[in-house]
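Notes follow once the structure below has been shown.
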Amino acid sequence: MSTHRRGGMKRKKGFTSHEIPEDPGPCGGYVETHTEYQRQQGSVTATTSSINIPPSPIKPTARKKERPPSPPPALEVESVEALAGAPNINLEGPYDVLWVENDSDGEEDRDEGGRKKKRRKTVDSNPLAQFTESVNTMVDELLRLEGPGTLEPACAKGAWWRDTGHVLLTGSRSGPVLASNGAPCVTWGCEFSSDTSTASPAPILAPPSTTIFATQPLAIQLMRARLFPATLTEPRTAASFRVLETFQMLSFTAKTSAYEFLAALKRRTDNTHLEAVPDRYREFMRMVHEWRHLRLLKRTGRGHDPSGMKGTKPGECVVLCPACPLSGINLPEGWNNDDNQWLHALFLAIDANFRLTRRMVSDDLKDPGLNRGYAYIVEETKFKEYLAVFGEQIPDDKSTCNNHDAIKSASIRGGRGFAASGLGTVQCSRHDMKRPNGSGDLQKGERYVNMDYFCLATLEHNIPSVLVISYDIVCQWSVNFVARCLKYPPNPIGSNPAMDIRYLVPKFHLPAHVQKCRDNYSFNLTPHVGRTDGEAPERGWASSNDLAYSTREMGPGSCRDTLDDCFSDMNWNKATRMAATLVSRAEDAVYWRQEQVEAWVSFARTLPADLRRRWTRMARKWEQGKCSTNPFEYDNDVVTISSVRFELALEEETEILAGNVAVVHKEVTPSEFVLQGLNLEDAIRRQLLNEDMLGAHATDRKKSEVLESANTLRRRFISWEELQRLYMPTVMPHRQSFGVEGKASSKNLRDIKLFLPSEVVSVIPCAEQLVRYEFRYWIAQAHATLRDLCERLVVRQHLYSSKKRYSHGTKAVTRSNRKIEAEGKWIAELASRYRSIRQTLVVLSSVVNELSWQDTLKVLEDKDIQGLTTEDHAHRAVGAQGKKDRLGAGRKQLTWIWFVGGPQTLDGTQVDDDGDEAGDEGEDWMSDDGEGSVVGSNDDDNVNDPDEAAVPKDDPALRIEFCSTRARAHRWQEECLLLEQEMDRVERFWRDGR
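The sequence shown lines up with residues 1 to 994 when you count with full-length UniProt numbering.
Quick look at the structure:
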């Protein structure tokens, strides 16, 4: 064959001919002849050259289709007894067949160039679609293998399996083998030995064999041989049940990914990498996906239901919590008529996990999933329809509490390339078990519309008459929860708005809330909740976070089905150990109950009976919502600068009306003059702190802002100095003695001297009125500084928790450490500020003759600067000794700074590392009626109130301690009663329930 084409280069009056042979030859290379023609002086000359063209290393060479190898001769078998000596597959042996693979594609469709033709994708070519249509048959086959019956008659063992070390096997589809009845018996994926009677084992492993039944489709034959096919139509890849079970268990316990598991199998097959092992990652992922779904249906009895998979209801394939109240399963008859309905309450905890993200891989059309709402994850189609309708209608409220991460993240997306920013869940808070249809994806942070759907979806299953819901932002989420439920489609809350629901904040998250929330949403102060802490989701995330490295790269359906399977394993693991867990909790509760009875009796008998009755009634009314006075907090007013300024303004008004005032300045009063001086002193202090934090690499803009602020302070000082000439004329000669130093012209702000009355009262005479005003302002300033110090401690404690929970990676951890370091500097500055203020008060108190303030504003030591929990102290412990000392810090008392100027805590109890109050470890109950009467005394709450004059003075510290010990006692008694009910429900569940 000769072809003519223009050459690569233009040649004058000539062209080039390339001659390529029709048959390149067996080696793939060929000789190409080049003929160049040129016209010279009217004649044509030809120049011929040849070149050897080697075969292309990339482009496949053209070759003719080869016929598939002819099958080996069929084996003539007269009876089954003749094959009695043939070996059988031993799946329990040391060399189990974990994977069977047919690497040969047989007769492939190729074009003339040797390339594979692209196949048109149809519904029939979708393996998952075929699997869904035959899922009931697959479940039946799994049940058949575990049944007591026998399979079909064995056929001839005509082939040996060649196992190469628990991994891949290559082979080709072979011809028929006659069974004893003359019917063809298909052997699949095998390598035949020419002589089965003398076949020798494989050189590495003992040769197992198997039986294949010709009366069933090939996929069913493989299932009955305990081999799981990758496809149902002409399967060429299969995995043994043992390999799927092994990987499934490793994914539960070690969180092993499929990629790592296959890498290990390949290494076991050939650890020298001399043999090419086929890559079957996609096939294995599909088989695992289907295997998880089949096991889920089989475990929940769907194979015995005539309706099969199509009759499966939402949330029906879950492992239920045996200790939670389940109507018709583990509750006694007449439970709904019990007066103590709180014993049958359902405790739910809501939380979100922003580590279980998922990238934009595939979509719901290509990977819709197989469970479809049958287990723990909500059904995706209905969920998206709900979001499309209510996603923009339900706004997220602005926080009226502290700036919580959950509220801030409500408007934050998961990032570029992410389809889900996290996973939201609603689960059992007392036993840490996932609820049916209680979890789902978060598209844009922790929005109310998502969390509402998960809560309402799980409440469709076994909802009792009393609910206790805990959420770290429940103070915001619960405000309009019922109103939002009335807008949603029919749901359990919307149909019963008057349902008894109690909203609480988990114990660990509670200290980060404002005082009002700490009073109204505390587990420790709320009756009928026992020792529940509400932190169950946080403990559950610890075991599921490692799944994020695998699930975030999956498609939407595979990700949901994988999480469903792992949640089932978590529930099953807890359910099987539930009895032992409850027994351990009961032993602990009974012990602490007895301990606290004795402690409370000893404390309560030291108090007058009238005080005990009054405080008990106060606590009971507050628990029932009939009284707004909180018995767990100090009732003294909070001292602030504004309150002192208002008091001084009233005093000046009285003096003006009495005509006992001398007007020095027509606009600025003496109290305002002192206040301006104090504000100026505080502003200079803050300016110096900002300059110290500026850094050596600050931008020009930042430097200009700091400099402009300093210039403003200098102008303020000059203006205030003019007022000082009027109100403190004796200071001016004293100031002049310092020369330029101490004036606005001082180069450094640190050198500016205000000469407040407290600074000069011991040197020069000063008006007593100004000294008294300054003293009262400094008292308020000391209280405000302590409050700021406590707030900074709470913020730093929250930063520690946020870093531990969310910060992963060098960049995030470094940023968190920087913020924590900045908070530490502010805390140190506030502590120094308070010590300076107290020293000033000591000087002024000698003039005003007032020393009562020293009982409240104590000397601040380093050990007093501690947060609400030992989490703050634990992160600052350095060295082995520091860590050793912190072990017992969970039982420490809160320092005095938390009780100054209004309460900053729930009560005077102790706080331990997990957010639980350590004082509660000794909680108990004084009497079963819960009225707070002291055992062995004649106290009676029905006694009429004594005359107020006869009642001893109400000491706030004693009242708080009494109410706190009473609350601890009640919680432990409630815990004992709840555990008794839970143990009874567990027994009913396993005996009569499922």
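Glycine included, each C-beta is placed from N, C-alpha and C at the ideal position.
Treat the numbers as computed from the prediction; the structure is a model and nothing was measured.
Report the CB separation of residue i from residue j in whole angstroms; it is logged as a contact under 8 Å.
i    : j    : result
T562 : R292 : 7 Å
A780 : S643 : 7 Å
G315 : N491 : Contact flag wrong, Cβ pair sits at about 14 Å.
L442 : A352 : 6 Å
G422 : L348 : Going by Cβ atoms, the distance from G422 to L348 rounds to 19 Å, so no, they are not a contact pair.
H734 : V760 : 6 Å
Taking the straight line between their C-alpha atoms, what separation do you get for residue i and residue j?
i    : j    : result
A782 : P332 : 59 Å
V813 : A589 : 39 Å
S704 : G695 : 14 Å
S832 : A512 : 24 Å
L789 : L830 : 6 Å
P127 : L145 : 23 Å
V177 : F241 : Because V177 carries a pLDDT of 29, less than 50, the predicted location of this residue cannot be relied on, and the following value inherits that uncertainty. When rounded, the distance between both Cα atoms is 25 Å.
L978 : A969 : 14 Å
D432 : A579 : 14 Å
N711 : I752 : 13 Å
R617 : C963 : 10 Å
D855 : W896 : 11 Å
R560 : Y374 : 11 Å
P537 : C428 : 8 Å
S470 : E275 : 57 Å
E598 : W335 : 34 Å
A498 : D564 : 33 Å
R620 : I350 : 29 Å
W600 : R966 : 8 Å
R716 : W622 : 50 Å
R295 : D569 : 11 Å
K487 : G494 : 8 Å
How is residue i classed by DSSP in three states: helix, strand or coil?
i    : result
P229 : strand
S43  : strand
A649 : helix
S543 : helix
E975 : helix
G106 : Confidence is the limiting factor: at G106 the pLDDT is only 41, short of 50, which leaves the residue's position unreliable, though a coordinate-based value still follows. The answer is coil: DSSP assigns G106 none of H, G, I, E or B.
S240 : strand
N330 : coil
R552 : coil
R502 : strand
T48  : strand
G422 : strand
E245 : helix
V482 : helix
Are residue i and residue j close, meaning C-beta to C-beta below 8 Å?
i            : j    : result
residue 1013 : A420 : Since the displayed the chain opens at 1 and closes at 994, residue 1013 lies outside it and no answer follows.
C517         : C475 : yes
L504         : V482 : no
S134         : L232 : yes
N520         : F989 : no
F450         : G417 : Inspection of the sequence shows that residue 450 is occupied by Asn rather than by Phe. No. Outside cutoff.
F284         : A239 : yes
T526         : R502 : yes
E380         : D364 : yes
V848         : F775 : yes
Y777         : L675 : yes
I764         : V731 : yes
I820         : R792 : no
C566         : L582 : no
R750         : L678 : no
S465         : D500 : yes
S558         : D279 : no
Under the criterion of a Cβ to heavy atom distance below 7 Å, does residue i qualify as lining the ligand NAD?
i    : result
S568 : This structure lacks the ligand NAD; in fact it carries no ligand of any kind.
Inset, instruction - Taking only runs that begin and end inside the stretch 425-470, name each unbroken alpha helix (DSSP H) of 4 or more residues, in chain order. - result: Counting only runs of 4 or more, we get 448-458.
Inset, instruction - Would you list, in sequence order, the uninterrupted alpha helix (DSSP H) runs of no fewer than 4 residues that lie entirely inside the stretch 732-762? - result: Fully enclosed alpha helix (DSSP H) runs of 4 or longer: 757-760.
Inset, instruction - For the stretch 661-734, list the beta strand (DSSP E) runs that are entirely contained and at least 3 residues long, ordered along the chain. - result: Complete beta strand (DSSP E) runs here, min 3: none at all.
Inset, instruction - For the stretch 344-391, list the alpha helix (DSSP H) runs that are entirely contained and at least 4 residues long, ordered along the chain. - result: At a cut-off of 4 residues, the continuous stretches assigned as alpha helix (DSSP H) that sit fully inside the stretch 344-391 are 380-390.
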